[in-house]
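Numbering (the working numbering), first residue to last: 363 to 521. One structure below.
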């Protein structure tokens with residue numbers, strides 16, 4: 363997926379934005395921040411490794427799926443590998459997330475869970491806005507009420 367440095371740089375910008383947005387959402391104390399970030403990074407690293415492993419297995423499945431006579435045994439083995447990877451990922455994520463939750467207050471945990479659910483939508487909306495010229499208000503318009511779009515990067519307060 364990351365064939366050139368551009369994709370890697372873009373993923374890093376997204377990750378940096380995610381961390382910034384999460385930190386502003388959680389409003390962590392200094393002590394919490396120093397413990398939270400290593401735990402959070404461990405979960406993110408685990409997730410990235412799982413996605414990479416899943417993509418590898420799916421790439422191995424593709425020739426079988428494109429074949430007129432797929433090797434049923436090979437497909438079954440690869441699907442079992444995928445099930446094992448997913449099971450191990452979920453087990454490890456649960457353990458790491460429980461450790462992370464020990465650092466947070468109940469309200470911060472709730473904010474974290476909501477953030478994890480809403481961040482992908484926020485990211486999709488931002489990308490859609492960036493790629494859709496119809497959403498570019500304030501450009502080539504004679505309408506004085508057509509000003510710049512609200513800053514979607516501003517932290518949202520989930521209190």
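Think of the CB as a built atom: it goes at the ideal place given N, C-alpha and C, for glycine as much as any other residue.
Any non-hydrogen atom of the ligand NAD within 6 angstroms of residue i CB
i, result
"residue 373", "With respect to the ligand NAD, the structure offers nothing, as it holds no ligand at all."
Boundaries of the alpha helix (DSSP H) in which residue i is found, first to last residue
i, result
"residue 413", "392-428"
"residue 494", "From DSSP, residue 494 is part of no alpha helix (DSSP H); its letter is neither H nor E."
Nearest to residue i (by Cα), restricted to the options the options
i, options, result
"residue 464", "395, 374, 383 and 376", "395"
"residue 460", "398, 415 and 439", "398"
"residue 412", "494, 469 and 450", "450"
"residue 470", "378, 371, 384 and 372", "384"
"residue 423", "409, 440 and 410", "440"
"residue 454", "483, 410, 405 and 392", "405"
Buried or exposed (CB count within 10 angstroms, at least 16 for buried), residue i
i, result
"residue 407", "exposed"
"residue 430", "exposed"
"residue 446", "exposed"
"residue 490", "exposed"
Beta-carbon proximity list for residue i, same chain, < 7 angstroms, skipping 5 on both sides
i, result
"residue 426", "432, 433, 436 and 437"
"residue 380", "481"
"residue 376", "485"
Minimum Cβ-Cβ distance from residue i to chain C less than 7 angstroms
i, result
"residue 460", "Protein chain content of the structure displayed is limited to a single chain, and chain C is not contained in it."
Same chain, Cβ closer than 8 angstroms to residue i, five either side skipped, listed in chain order
i, result
"residue 401", "458, 461, 462 and 465"
"residue 443", "419"
Assumed close pair residue i, residue j - CB separation to whole angstroms, cut-off 8 angstroms
i, j, result
"residue 474", "residue 388", "6 angstroms"
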